[in-house]
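Protein chains in written order, with this note's numbering: chain L, 262 to 577; chain B, 84 to 425. Glycine included, every Cβ here is placed at the ideal spot set by N, Cα and C.
Structure, rendered in C-alpha cells:
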C-alpha cells in the first residue's frame, strides 16, 4: 500500500513537472510580445526593451521558467503584464467562486447519477429503466451552456423563482448566494450527471452479474439490499475513474457556464486574460487547472486502494 | 475422505424437501421437465448428470434464484414452511434463504465479495436472519465457524488473500452459519485441486452431520456421489431418468444412460480404454421428444419416441423402454436355479 502511494506520488510529481514545462513552453512560443502588447503598437523600441527588462522577459527562457516555477511553489503567481496587479489574489478570489460551482455541480451529478444509474441497471428490462435511459441519453446530448440557458428561461424568466444570473459571496448574503448558485450548479451537474449515469448503469450491470451477488441473495438478502451492501462498493471503482476524468470536464464546463450566468469565476478570469493578451495570467490559470486535474486523478488512484483491497499489495 | 457417518434410518413421511413436477423453461424452451425429488431429514442425496442436464437449474429453482427470463413451474415445499417456494415473493424467499435453505456454489473464486473481509461475510449471514443477538456475537460465531472449517485466524482476511480451497471453505461456513435444514451443494469441489477436494467434501459432510442437515449434492463426479450420498438421482436432458439407493443404482443400473455413464467413468479400473457414450449432450432445450436419451442410445427403437413411463417406486426406479437387465434379479434366479440343480 505504501509502495503504491509512493509510486503514485512519484507519477504525480513527474506529471506536474512535465505539464509545467509544457504550459510554459506553449505560452513562450505563442506570437506576441507581452511588453509590446502592454505599451501598444506606437511605443518606441527603447520603451519596449525597458519594459521587457522590467518584466524579466530579456532573460533566458530557462531562467524565466524556473523563476515562474519558483514563484508558483511559494504561491507567488507574479504580476500581470497588462493590469500591473498581482495575479495571485485575483486567482484565489475567483477560485473560491469556481470551486463552489464545481463542487456543488459534482454533488448534483452524483445525486442524480448514482440512484438513476442503479435503478436503470436493476430494471434494465423494464419500462421504468428504459425511460430513465432515454432521459439520460437526452441529457448526454445537451451541452452545459444550453442547459443553462434553458434553465434560465424556465426558472428565472417564466417562473421567476430564481435569479437569472449574478453572484453573491456566501459570507455577505447566504440566502442570495444559494439562490444564485442553484441554476449554474444544476446546468453543470445535470449534464455531467447524465453522462455519469451511463457509467454507473454499466458498472452496476456488471456487478449484478457477479457470483458474489448471488451468494448475497443466497444468504437471504433481497435484491436491492444485496446490491447496496455488496454491489455498490465494487461498482464504485470504475465510476470513481470516470468521476476523476469528469472533474476536468466540469472545470472546463464551468468556464462556459460562468459566462452564461455572469459569474466572476476562474473561467471568466481566463477568458478575460485571453482577450486582454494577459499572457502570464492565462499561463497561471491554465497551470492551476492542470494541477487541479492531476491532483484529482492522484486522489482517484488513492481512492482505488481504499475501495478495493486487492490493490493493497504487500499486505496479508 | 474420512470415516463416514453412520447411515441414519430415514423417515420417509416427513421430507425436508419435496419437489413435485418441476418444469423450468426459458421463453419456449423447456430446460427441466417434470422433475420429482425428495430429500428426507438428514438424508444425503446426490444429483448427477452431464453438464446441461438441468442439475444446477433444479437447484436454483429450489432456491428461487433462477436467472432472469428463466421460469419454474411445479411445486417446491420445504419442511416447516407453510407455502410453496415456487411463486413465493422475494420477501418470503429471502426469509428462507440462508436460514432454512443454504447453498454452496461451484466457483469459489468469484463467490465472495472481494471488498469485504471474510469474517464479516460470514457474520452477515447470521445478522440478516437475526440468529445472533448482535454484531459482536456474530463476529465471535463467524470466527468459531472459520475454526470449524480449519481456517483459524483468517476472519480479517479479504478473499483474494485466500486460495480457492480456502475460499470454498469460507462459502461452506457461510452456508452452514444458520444450521440450515437443507444444504444444497452445486459442484462444490469441481473447481478445486484434487488435493483439496477431499478436505472440502469432508468439511461439508461433518458440517451437515453435526447439524443433522439434509444434503442435496449436485455433481458429475460419480466417485464423489458414491462416497458421500445415500441416494442418487440421475438426470439427463432435464429429466430424472433413474433414481435409487446409491449402491443399487451404481451396481445395477437400469436406465441405458446410467449404464453408459457408469461404464464411461468406470470406478474400478482405468487399465483399459474407457467406453464413451456416443454423441454429445444436445444443447439446452433441444432434446428429442419421447425418451430424451434415444438419439444417443444403442438400444433405441421406434417406441422410444414416446415418453417412457416410470418403473418402480417414487424413491427408486427408472424411465426406460429398454432397461438394462436387472442383475440382482438375474443373480437371484441363477442362484435359485443352482440350488434347484443340486
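query: Residue-chain proximity (residue 310 of chain B, chain L), Cβ-Cβ < 7 Å; result: no
query: Inter-residue CB distance, residue 202 of chain B and residue 225 of chain B (contact presumed, cutoff 8 Å); result: 5 Å
query: Within-7 Å CB hit, residue 481 of chain L to chain B; result: yes
query: Sequence-distant residues of its chain with Cβ nearer than 7 Å to residue 445 of chain L (five each side left out); result: 362, 409, 518, 522 and 524
query: Any chain L beta carbon closer than 7 Å to residue 270 of chain B; result: no
query: Interface partners of residue 488 of chain B on chain L, CB under 7 Å; result: No answer is possible for residue 488 of chain B: it lies beyond the span of chain B, which begins at 84 and ends at 425.
query: Interface flag, residue 570 of chain L vs chain B, CB-CB below 7 Å; result: yes
query: Rounded straight-line distance, which links the Cα of residue 263 of chain L to that of residue 276 of chain L; result: 20 Å
query: Whole-angstrom distance between residue 356 of chain L and residue 532 of chain L, CA atom to CA atom; result: 14 Å
query: Reduced DSSP secondary structure (H/G/I, E/B, other) of residue 338 of chain B; result: coil
query: Given residue 430 of chain B as reference, the closest of B:277, B:337, B:268 and B:189 once Cα atoms are compared; result: Because chain B in this structure spans residues 84 to 425, residue 430 of chain B falls outside the shown range and cannot be described.
query: Under the three-state DSSP convention, the category residue 380 of chain B falls into; result: coil
query: Positions along the stretch 477 to 504 of chain L whose CB lies within less than 8 Å of some CB in chain B; result: 477, 478, 479, 480, 481, 482, 483, 484, 490, 491, 494 and 495
query: Within-7 Å CB hit, residue 354 of chain L to chain B; result: no
query: Limits of the alpha helix (DSSP H) - the one that residue 458 of chain L falls within; result: 435 to 469
query: With 16 other Cβ atoms within 10 Å as the buried cut-off, status of residue 369 of chain B; result: exposed
query: Three-way DSSP call (helix, strand, coil) for residue 90 of chain B in this model; result: Note that residue 90 of chain B scores a pLDDT of 44, beneath 50, so its modelled location is shaky and nothing firm can be said.
query: Euclidean distance between Cα positions of residue 91 of chain B and residue 122 of chain B; result: Below a pLDDT of 50, predicted positions are generally treated as unreliable, and residue 91 of chain B, at 44, falls in that range; the measurement from the model is reported next regardless. Near 13 Å, if we compare the C-alpha coordinates of residue 122 of chain B and residue 91 of chain B.
query: CA-to-CA distance, residue 449 of chain L to residue 504 of chain L, given in whole angstroms; result: 14 Å
query: DSSP beta-bridge partners of residue 156 of chain B; result: B:106
query: Proximal chain B residues relative to residue 473 of chain L, where beta-carbon distance stays under 8 Å; result: 193, 194, 195, 196 and 197
query: Other residues of its chain near residue 166 of chain B: CB distance less than 7 Å, five sequence neighbours each side excluded; result: 175
query: Residue 311 of chain B, enclosing alpha helix (DSSP H) - first and last residue; result: 305 to 311
query: CA-to-CA distance, residue 458 of chain L to residue 384 of chain B, given in whole angstroms; result: 59 Å
query: For residue 126 of chain B and residue 93 of chain B, the rounded distance between their alpha carbons; result: Annotation note: pLDDT 40 at residue 93 of chain B (below 50); position unreliable, no value reported.
query: CB of residue 172 of chain B within 7 Å of CB of residue 109 of chain B, strictly; result: no
query: Three-state class that DSSP yields for residue 171 of chain B in the structure shown; result: coil
query: Best match in L:429, L:502 and L:440 for proximity to residue 464 of chain L [C-alpha to C-alpha]; result: L:502
query: Reduced DSSP category for residue 135 of chain B - H, G, I as helix; E, B as strand; rest coil; result: coil
query: Rounded C-alpha distance that separates residue 407 of chain L from residue 442 of chain L; result: 17 Å
query: Near-chain L residues of the stretch 178 to 190 of chain B (beta-carbon distance less than 8 Å), N- to C-terminal order; result: 178, 179, 180, 181, 182, 185, 186, 188 and 190
query: Limits of the unbroken alpha helix (DSSP H) element including residue 514 of chain L; result: 493 to 521
query: Own chain, CB closer than 8 Å to residue 318 of chain B, minus 5 neighbours either side, in chain order; result: 118, 130, 131, 132, 136, 137, 138, 141 and 324
query: Minimum Cβ-Cβ distance from residue 205 of chain B to chain L less than 7 Å; result: no
query: Closest by C-alpha distance to residue 493 of chain L, when choosing among L:384, L:562, L:395 and L:462; result: L:462
query: Against chain L: residues of the stretch 156 to 174 of chain B by CB proximity under 8 Å; result: 173 and 174
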